[in-house]
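Have a look at the structure below, then the notes.
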Amino acid sequence: MGLAVAATTSFIGNANADDAAAESAGVAPAVPVVEEEESFASIAARANDLSRDAGDRTPFTVITNGDRSDTRTAYDFEIPISGNSIPFKDIIHQEIDPETGFSKCKCILVSNMKEDDPIARKDIPEMISLASKYGRDGQFAVILSPTDQGYYEPDTSQLIRLKLASEYGYGINPATILTDKVNMLGKTALPFWRWLQSNCRTPAGLGRVEGNFEKFLVDGRTGLPLRRYPRKYKPSAIKNDIEAIIAGRPLPPAGANFREEWRSAAVEAEAGTYRFQKGLNYYD
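Those letters in the sequence shown? Residues 1 to 284, by the UniProt record's numbering.
What follows is the structure in structure tokens.
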């Protein structure tokens, strides 16, 4: 079915005779009522409400402190891929039935990246493994965003895409998605990434990313981020969270090493080669 709800027209009154009778009685005839086309974000929100009301899903426990005054979701944004701005819903091949609340893609792992960061050799294969296990039927997807920030990325978006495909096989599975190079911080930051950081903060309350391979789990049903992971947190350690989101269960408690990993990331951000530092690799 289509993702948007087509505009429909309903009529009050069943026949011209009824209108004539109403007019003779001094009542204005009924006129067509046109319902506006519904946005995908609105459909997603309504579908989630239906699903929750039906008892299909338990509300998640969000452990990060986001800006809850921001009512936008991931479905309100576009992300550049191969030179084109693509709606988030199309990137993950989302399908939502507004009548039943069914969502095809239920969980998305989003991460910034740098191709020659040593962590790439560990994280990218693990992300591909997660996509192979959970994304075969479209319920899960991985989105990686390279950037010139977080130290310098010399290759073009096209070359990065070719390298990741040849070295890892990333991008061959439709559940593994690579965006064009984007800015994460400053005035030129991609709106999607600015929103994501603001709405899913670290345990210390920090919004901006401090290094490559910070990871975010997004709920495909609502388009909202649920949990954020530090730079060296293994993707394979996120599998329990992914399974919970897909099943519609609350997120389990964070792993025992979760906060310690964040403390280590904060220390590394002070002096690490791949840190994001104002005046070094972003300037406003």
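All C-beta atoms, glycine included, are put in the ideal place defined by N, C-alpha and C. Small disclaimer: the values here were computed from a predicted structure and weren't measured.
Residue(s) in a DSSP beta bridge with residue i
i	result
residue 201	According to DSSP, residue 201 bridges with nothing at all.
residue 228	216
residue 275	211
residue 176	142
residue 69	Answer by DSSP bridge pairing: none, since residue 69 is not bridged.
residue 82	Residue 82 is not bridged to any residue.
residue 154	Residue 154 is not bridged to any residue.
Residue i to residue j span [Cα, whole Å]
i	j	result
residue 158	residue 278	27 Å
residue 281	residue 148	7 Å
residue 170	residue 111	14 Å
residue 102	residue 271	46 Å
residue 193	residue 184	6 Å
residue 77	residue 201	19 Å
residue 85	residue 180	10 Å
residue 217	residue 243	12 Å
residue 189	residue 161	21 Å
residue 98	residue 115	39 Å
residue 268	residue 276	11 Å
residue 237	residue 154	30 Å
residue 104	residue 156	32 Å
For residue i, the first and last residue of its enclosing alpha helix (DSSP H)
i	result
residue 240	239-247
residue 74	Residue 74 -> no alpha helix (DSSP H), and no H or E assigned at all.
residue 110	No alpha helix (DSSP H) holds residue 110; the beta strand (DSSP E) holding it covers 107-113.
residue 125	120-134
residue 160	157-167
Opening and closing residue of the beta strand (DSSP E) in which residue i lies
i	result
residue 145	140-146
residue 236	No beta strand (DSSP E) contains residue 236, which DSSP labels as neither H nor E.
residue 96	Note, residue 96: premise wrong, no beta strand (DSSP E); not H, not E.
residue 257	Premise fails: residue 257 is in no beta strand (DSSP E) and is neither H nor E.
Residues near residue i in its chain [Cβ-Cβ closer than 8 Å; skip 5 each side]
i	result
residue 131	140, 141, 142, 173, 175 and 176
residue 122	234
Proximal residues to residue i (C-beta, below 6 Å), its chain only, five neighbours per side dropped
i	result
residue 264	none
residue 230	261, 262 and 265
Rounded distance between the beta-carbons of residue j and residue i, thought under 8 Å
i	j	result
residue 255	residue 106	Not confirmed; about 21 Å, so no contact.
residue 228	residue 239	Residue 228 to residue 239, Cβ: 16 Å. No contact.
residue 168	residue 125	6 Å
7 Å CB neighbourhood of residue i in its chain, flanking five on each side removed
i	result
residue 113	120, 144, 145, 146, 212 and 213
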